[in-house]
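Number of protein chains: 2
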Amino acid sequence: MFTKCSQRAANIESFKVMDLLKRARELESQGCDVVHLEVGEPDFATAEPVAEAAIAAIRAGRTQYTPAAGIPELREAIAGYYQTRYDLNVDPVQVLVTPGASGALLLAFALLADTGQTFMMSDPGYPCNRQFLRFLQAGAQLVPTGPAERFQLTEALISEHWQSQTAGVLLASPSNPTGTLVPPEQMQAIAQRVRQLGGQLIVDELYHGLTYGADAMTALQVDPDVFVINSFSKYFGMTGWRLGWLIAPPEAIKMMEKMAQNLFISPTTVSQYAALAAFQPDSLAIFEGRRQAFEERRNFLVQGLKSLGFAVPAMPDGAFYVYADASHLTDDSFNFCWSLLEENHIAVTPGADFGQFEASRYVRFSYTTGLVQIEKALQRMAKRFSATR
Amino acid sequence: MFTKCSQRAANIESFKVMDLLKRARELESQGCDVVHLEVGEPDFATAEPVAEAAIAAIRAGRTQYTPAAGIPELREAIAGYYQTRYDLNVDPVQVLVTPGASGALLLAFALLADTGQTFMMSDPGYPCNRQFLRFLQAGAQLVPTGPAERFQLTEALISEHWQSQTAGVLLASPSNPTGTLVPPEQMQAIAQRVRQLGGQLIVDELYHGLTYGADAMTALQVDPDVFVINSFSKYFGMTGWRLGWLIAPPEAIKMMEKMAQNLFISPTTVSQYAALAAFQPDSLAIFEGRRQAFEERRNFLVQGLKSLGFAVPAMPDGAFYVYADASHLTDDSFNFCWSLLEENHIAVTPGADFGQFEASRYVRFSYTTGLVQIEKALQRMAKRFSATR
Ligand SMILES: Cc1ncc(COP(=O)(O)O)c(C=O)c1O
Ligand SMILES: Cc1ncc(COP(=O)(O)O)c(C=O)c1O
Numbered sequence: 001m002f003t004k005c006s007q008r009a010a011n012i013e014s015f016k017v018m019d020l021l022k023r024a025r026e027l028e029s030q031g032c033d034v035v036h037l038e039v040g041e042p043d044f045a046t047a048e049p050v051a052e053a054a055i056a057a058i059r060a061g062r063t064q065y066t067p068a069a070g071i072p073e074l075r076e077a078i079a080g081y082y083q084t085r086y087d088l089n090v091d092p093v094q095v096l097v098t099p100g101a102s103g104a105l106l107l108a109f110a111l112l113a114d115t116g117q118t119f120m121m122s123d124p125g126y127p128c129n130r131q132f133l134r135f136l137q138a139g140a141q142l143v144p145t146g147p148a149e150r151f152q153l154t155e156a157l158i159s160e161h162w163q164s165q166t167a168g169v170l171l172a173s174p175s176n177p178t179g180t181l182v183p184p185e186q187m188q189a190i191a192q193r194v195r196q197l198g199g200q201l202i203v204d205e206l207y208h209g210l211t212y213g214a215d216a217m218t219a220l221q222v223d224p225d226v227f228v229i230n231s232f233s234k235y236f237g238m239t240g241w242r243l244g245w246l247i248a249p250p251e252a253i254k255m256m257e258k259m260a261q262n263l264f265i266s267p268t269t270v271s272q273y274a275a276l277a278a279f280q281p282d283s284l285a286i287f288e289g290r291r292q293a294f295e296e297r298r299n300f301l302v303q304g305l306k307s308l309g310f311a312v313p314a315m316p317d318g319a320f321y322v323y324a325d326a327s328h329l330t331d332d333s334f335n336f337c338w339s340l341l342e343e344n345h346i347a348v349t350p351g352a353d354f355g356q357f358e359a360s361r362y363v364r365f366s367y368t369t370g371l372v373q374i375e376k377a378l379q380r381m382a383k384r385f386s387a388t389r
Numbered sequence: 001m002f003t004k005c006s007q008r009a010a011n012i013e014s015f016k017v018m019d020l021l022k023r024a025r026e027l028e029s030q031g032c033d034v035v036h037l038e039v040g041e042p043d044f045a046t047a048e049p050v051a052e053a054a055i056a057a058i059r060a061g062r063t064q065y066t067p068a069a070g071i072p073e074l075r076e077a078i079a080g081y082y083q084t085r086y087d088l089n090v091d092p093v094q095v096l097v098t099p100g101a102s103g104a105l106l107l108a109f110a111l112l113a114d115t116g117q118t119f120m121m122s123d124p125g126y127p128c129n130r131q132f133l134r135f136l137q138a139g140a141q142l143v144p145t146g147p148a149e150r151f152q153l154t155e156a157l158i159s160e161h162w163q164s165q166t167a168g169v170l171l172a173s174p175s176n177p178t179g180t181l182v183p184p185e186q187m188q189a190i191a192q193r194v195r196q197l198g199g200q201l202i203v204d205e206l207y208h209g210l211t212y213g214a215d216a217m218t219a220l221q222v223d224p225d226v227f228v229i230n231s232f233s234k235y236f237g238m239t240g241w242r243l244g245w246l247i248a249p250p251e252a253i254k255m256m257e258k259m260a261q262n263l264f265i266s267p268t269t270v271s272q273y274a275a276l277a278a279f280q281p282d283s284l285a286i287f288e289g290r291r292q293a294f295e296e297r298r299n300f301l302v303q304g305l306k307s308l309g310f311a312v313p314a315m316p317d318g319a320f321y322v323y324a325d326a327s328h329l330t331d332d333s334f335n336f337c338w339s340l341l342e343e344n345h346i347a348v349t350p351g352a353d354f355g356q357f358e359a360s361r362y363v364r365f366s367y368t369t370g371l372v373q374i375e376k377a378l379q380r381m382a383k384r385f386s387a388t389r
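Chains as they are written, first to last, in the UniProt record's numbering: chain A, 1 to 389; chain B, 1 to 389.
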């Protein structure tokens, strides 16, 4: 019997939605038609040109270790993307290719947060960030944010909550679970303030490209020394390929490269060659088509949820999530998620997975499934709520 | 200018061979014909059935996140491999699929070593192990080993060096850089002793399959509670696919799965489907052919090195490395490596990359290149050493 376990390992939490997912699979194996509105990845397959580039790489035998920072062509292609998308000059030596944004976040926190230090971030937020920091024996300092701030940190909140052990601030724009953006003038003010306070700003731009109004700006446009995290997972539809990147000052990249060399050896090689094709015009056209489909789903889902009695206090600007306030329907969103699954065969993610602040009000709906399925879920809920009202 | 840097990041070291490699590429770009005997991965391309399975997975759209512990089919296939290869019953719930053995080592150390604790390991050894532990604010306790122990820890050495903060012992069998195996009776004695001492044994079996005499036993045959690390990188020729695994007791797997979920999300999906084909008879036949080629190279290289005045105090049992004692030719193997590169255009890895104990005597030669290249290197050295003698 295995009994030893480090404090570090004991502290790491798994996602609450995992038990729900397990139950969903059980129900499905019993023949139930479960609608999945909990999934955090696009339902679209990897785009054809990307898939073909991967196949060509395999046939060409490009399957050995690469430099730890990624193949030079990809570092250049990513730098070039900042030029075409944001009209911004990024040097390839500022680009570190990583095993997913997950790898990038681990490296950035490992570089910036000493044991006992904290990174400030909004509650609610992407749950793994807290776990990365725990893994490093550092911590996440969760700052409650609500509808008034559209669930994002502000310069004022950062000033108010800054402590001596705060190493920096993490923003995600658009955010998971809320889909909201940090407005450009706030981004500017925050970057300046964090710098004054002697900290480092990290901005997770994973859902860039998936915005449904104006394009998102990159934080690098207001401060070239910000650490920017991005990934091929979401907009580029490459979750399972495990490829992300990080933009940072060259000296920081060198330090993280040294860690990446030891921790990862290199990112997956075939994925890197595949990703080269993601910046081609034909691929980008496919991604734009998908973005439009997501926008249509968002509008349909938000509208449907509101008519059922959910509040959507901040219309999501991007990503593929709606963070819905279910407090008109339940005073315990966690149990509510379970009953949605058991009674209506709808899988969603409870607010509790994203933090503690008012988590029992909220439920995250993902629109990573087609309109037909979304409509089915809305109809099932309509039936239930009209019956109980 | 970026100035912040955690103590953790400052402590991580890069490989000394990296500067040599950079210089090797410079020389090549000037038209020099550099013979590469420093490379730590097979020169063979990924086997055809594995490559085809990857392509089929891509075409079938299998490119999304998988469970953090790997797809069930692969966990079963790995468990099944222990049955066919070692005649050993392993339950799929004991198998964790990871992003390379690198990922497995990080998770195992993270589970087993608390801050301030150490893992005992042989000096010389695989350099990343020390860095994983530093990353976790734990440490490697390097125990000098030499020709007398064939560069492996023994029960006696472990008993002698055990300290209160020792959390466990890491063995690699066959080892990098020496290729030596831990004999079965030592493995048994070590496992028992470590258990008595209240520690945990981890055995890195990455080079299993690549042995040139008897097959290696797995440590699980002497103790079912050992943590065993393995990978598709070396024997299966899949380095760039970034896929490894870990066998451990189910409760330990659950804890590591929770960490993997947060740190990695999942291993690369296409790689996992590709790896399923690695256990097919046609693939295994290819790997056996390659094993024979490596054996031939080993014999040729060891013989050649000896005739040049190198000592090979422990004939390598496996892997694709020769740890050669160059002390008849130099008293500083690090400078010797540089001069081999500059004067003879031969790239090798200095002992200093693998530890401190008598590191200045040793040089690691990899036979990850064909006989023609190996012969070329031997001839160049023959010319040089006959001239200086
Ligand atoms: C906000 C955010 N950051 C980072 C990640 C990690 O993504 P990946 O490692 O696939 O790039 C996710 C995944 O859901 C996310 O939502
Ligand atoms: C002894 C040993 N362990 C682990 C690794 C990591 O290999 P991978 O992450 O490719 O599985 C290596 C790579 O060279 C090694 O030599």
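Using N, Cα and C, we set each Cβ at its ideal position, and we do this for glycine too.
None of the values given here were measured: they were computed from a predicted structure.
message = Beta-carbon distances below 6 angstroms to any heavy atom of ligand 2 define the shell here; list its residues in chain order, please.
response = A:265, B:40, B:100, B:101, B:102, B:126, B:172, B:176, B:204, B:206, B:231, B:233, B:239, B:244
Contacts that residue 166 of chain A makes with chain B (C-beta to C-beta distance below 8 angstroms) = The count along the first sequence starts at 1 and reaches residue 166 of chain A at position 166. Near residue 166 of chain A there are no residues of chain B at all, since even the closest Cβ is about 12 angstroms away, more than 8 angstroms.
task = Could you run through the region 232-247 of chain A and flag, in chain order, every residue whose CB is less than 9 angstroms away from some CB of chain B?
result = 233, 237, 238, 239, 240, 241, 242, 243
message = I need the straight-line Cα distance from residue 357 of chain B to residue 176 of chain B, nearest angstrom please.
response = Walking along the second sequence from the start, residue 357 of chain B turns up at place 357. Walking along the second sequence from the start, residue 176 of chain B turns up at place 176. Taking the straight line from one Cα to the other gives about 15 angstroms.
ask   = By the criterion of Cβ-Cβ separation under 8 angstroms, what are the contact partners of residue 223 of chain B in chain A?
value = Indexing the second sequence from 1 puts residue 223 of chain B at position 223. Ordered by position in chain A, no residue passes the 8 angstroms Cβ test against residue 223 of chain B, which lies about 12 angstroms from the chain.
task = Using the DSSP secondary-structure output, state which residues sit across from residue 346 of chain A in a beta bridge.
result = On the first sequence, position 346 is the one that residue 346 of chain A refers to. The partner list for residue 346 of chain A (beta bridge, DSSP) reads A:35.
Neighbour flag for residue 175 of chain A against chain B, beta carbons, 8 angstroms = Against the first sequence, residue 175 of chain A aligns to sequence position 175. Chain B, which has no Cβ nearer than 8 angstroms to the Cβ of residue 175 of chain A, makes this no.
request  = Report buried or exposed for residue 33 of chain A, applying the criterion of at least 16 other Cβ atoms within 10 angstroms of its Cβ.
outcome  = What you label residue 33 of chain A is simply residue 33 of the first sequence in a count that begins at 1. Residue 33 of chain A comes out exposed.
ask   = Among A:2, A:84, A:13, which one has its Cα closest to the Cα of residue 284 of chain A?
value = If you number the first sequence from 1, residue 284 of chain A lands on position 284. Ranking A:2, A:84, A:13 by Cα distance to residue 284 of chain A puts A:84 first.
message = Taking beta-carbon pairs under 7 angstroms, can you tell me which members of the region 92-121 of chain B lie near chain A?
response = 99, 100, 102, 106, 110, 111, 112, 113, 114, 115
CB contact flag (residue 435 of chain B, residue 205 of chain B, <8 angstroms) = For chain B, the structure presents residues 1 to 389; residue 435 of chain B sits outside this window and is missing.
message = Following a CB-centred definition, is residue 157 of chain A positioned closer than 7 angstroms to any heavy atom of ligand 1?
response = Here residue 157 of chain A refers to the residue found at position 157 of the first sequence. Not so, every heavy atom of ligand 1 lies at least 7 angstroms from the Cβ.
ask   = If you measure from the CB of residue 105 of chain A, is any heavy atom of ligand 1 nearer than 7 angstroms?
value = Here residue 105 of chain A refers to the residue found at position 105 of the first sequence. Distance from the C-beta of residue 105 of chain A to the nearest heavy atom of ligand 1 is below 7 angstroms.
query = Is the CB of residue 262 of chain A under 8 angstroms away from at least one CB in chain B?
reply = On the first sequence, residue 262 of chain A is found 262 positions in, with the first residue counted as 1. Residue 262 of chain A counts as touching chain B.
Chain-ordered neighbours of residue 321 of chain B on chain A, where CB pairs are closer than 9 angstroms = What you label residue 321 of chain B is simply residue 321 of the second sequence in a count that begins at 1. In chain order: nothing, as chain A lies at least about 16 angstroms away.
Sequence-distant residues of the same chain with beta carbon closer than 7 angstroms to residue 110 of chain A, five excluded per side = Position 110 of the first sequence, counted from the start, is the residue given in the question as residue 110 of chain A. Closer than 7 angstroms at Cβ, skipping near neighbours: 136, 259.
request  = Tell me whether residue 281 of chain A is buried or exposed, calling it buried when 16 or more other Cβ atoms sit within 10 Å of its Cβ.
outcome  = Translated into positions along the first sequence, residue 281 of chain A becomes position 281. With fewer than 16 Cβ atoms within 10 Å of its Cβ, residue 281 of chain A is classed as exposed.
ask   = Residue range of the alpha helix (DSSP H) that residue 276 of chain A falls in?
value = Here the question's residue 276 of chain A lines up with position 276 in the first sequence. Note, residue 276 of chain A: alpha helix (DSSP H), 269-276.
request  = Quick one: residues in its chain with C-beta nearer than 8 angstroms to the C-beta of residue 52 of chain B, no 5 flanking neighbours on either side, listed in chain order?
outcome  = For the purposes of this step, residue 52 of chain B is identified with residue 52 of the second sequence, where counting begins at 1. The answer, listed in chain order, is 277.
Within chain A, partners of residue 285 of chain B - CB distance below 7 angstroms = To locate residue 285 of chain B, count along the second sequence from 1; it is residue 285. None at all; the shortest Cβ gap to chain A is about 19 angstroms.
ask   = Which parts of the region 326-389 of chain A are runs of the alpha helix (DSSP H), unbroken and 4 residues or longer, counting only runs that do not cross its ends?
value = 333-344, 371-388
query = For residue 212 of chain B, which three-state DSSP category applies?
reply = Counted from its first residue, the second sequence places residue 212 of chain B at position 212. Three-state result, residue 212 of chain B: coil.
inquiry  = Can you find the residues in the same chain that come closer than 6 angstroms, C-beta to C-beta, to residue 265 of chain A, ignoring five residues on each side of it along the sequence?
reply    = As a position in the first sequence, residue 265 of chain A is number 265, starting the count at 1. So the list reads 65, once near-sequence residues are dropped.
task = Go to residue 144 of chain A, then tell me how far its beta strand (DSSP E) extends in each direction, as first and last residue.
result = Reading the first sequence from its first residue, position 144 is the one you call residue 144 of chain A. It spans 139-144 - the beta strand (DSSP E) in which residue 144 of chain A sits, taken as one unbroken run.
ask   = Pairing CB atoms from the region 288-306 of chain B with CB atoms from the region 93-104 of chain B, are three or more of them under 8 angstroms?
value = no
task = Just the chain A side, please: which residues come within less than 7 angstroms of residue 271 of chain B by C-beta, in chain order?
result = Counted from its first residue, the second sequence places residue 271 of chain B at position 271. Per Cβ cutoff of 7 angstroms: 268.
task = Determine contact between the region 111-123 of chain B and the region 118-127 of chain A, defined as no fewer than three beta-carbon pairs at a distance below 8 angstroms.
result = no
task = Could you name the residues of the same chain whose beta carbon sits closer than 7 angstroms to that of residue 330 of chain B, not counting the 5 residues immediately before and after it, in chain order?
result = Indexing the second sequence from 1 puts residue 330 of chain B at position 330. Cβ neighbours of residue 330 of chain B beyond the five flanking positions: 336.
Beta-carbon separation (whole angstroms), residue 134 of chain B vs residue 114 of chain A, contact threshold 8 angstroms = Within the second sequence, the letter at position 134 stands for residue 134 of chain B. Within the first sequence, the letter at position 114 stands for residue 114 of chain A. Not confirmed; about 13 angstroms, so no contact.
request  = Identify every run of the alpha helix (DSSP H) within the region 164-232 of chain A, keeping only runs that are complete inside it and at least 4 residues long; order them along the chain.
outcome  = Qualifying alpha helix (DSSP H) stretches, in chain order: 184-196.
ask   = Using the beta-carbon of each residue, which ones in chain B are nearer than 8 angstroms to residue 24 of chain A?
value = One-based indexing of the first sequence puts residue 24 of chain A at position 24. The contacting residues do not exist; residue 24 of chain A stays about 14 angstroms from chain B at best.
inquiry  = For residue 98 of chain A, list the residues DSSP reports as bridge partners.
reply    = Working through the first sequence from its first residue, we reach residue 98 of chain A at position 98. Per DSSP, A:244.
inquiry  = Can you pull the chain B neighbours of residue 12 of chain A, defined as C-beta to C-beta under 7 angstroms?
reply    = The count along the first sequence starts at 1 and reaches residue 12 of chain A at position 12. Those are 258, 259, 262, listed as they occur along chain B.
request  = Answer with yes or no whether the minimum CB distance from residue 61 of chain B to chain A is below 8 angstroms.
outcome  = Start at 1 with the first residue of the second sequence, and residue 61 of chain B comes out as number 61. Any Cβ of chain A closer than 8 angstroms to the Cβ of residue 61 of chain B would place that residue at the interface, and such an atom is present.
message = Would the region 359-372 of chain A count as touching the region 33-46 of chain A if we require 3 or more Cβ pairs under 8 angstroms?
response = Segments in contact, yes.
key: residue 29 of chain B burial status per 10 Å Cβ neighbour count (16 or more: buried)   = By one-based count along the second sequence, residue 29 of chain B stands at place 29. Result: exposed.
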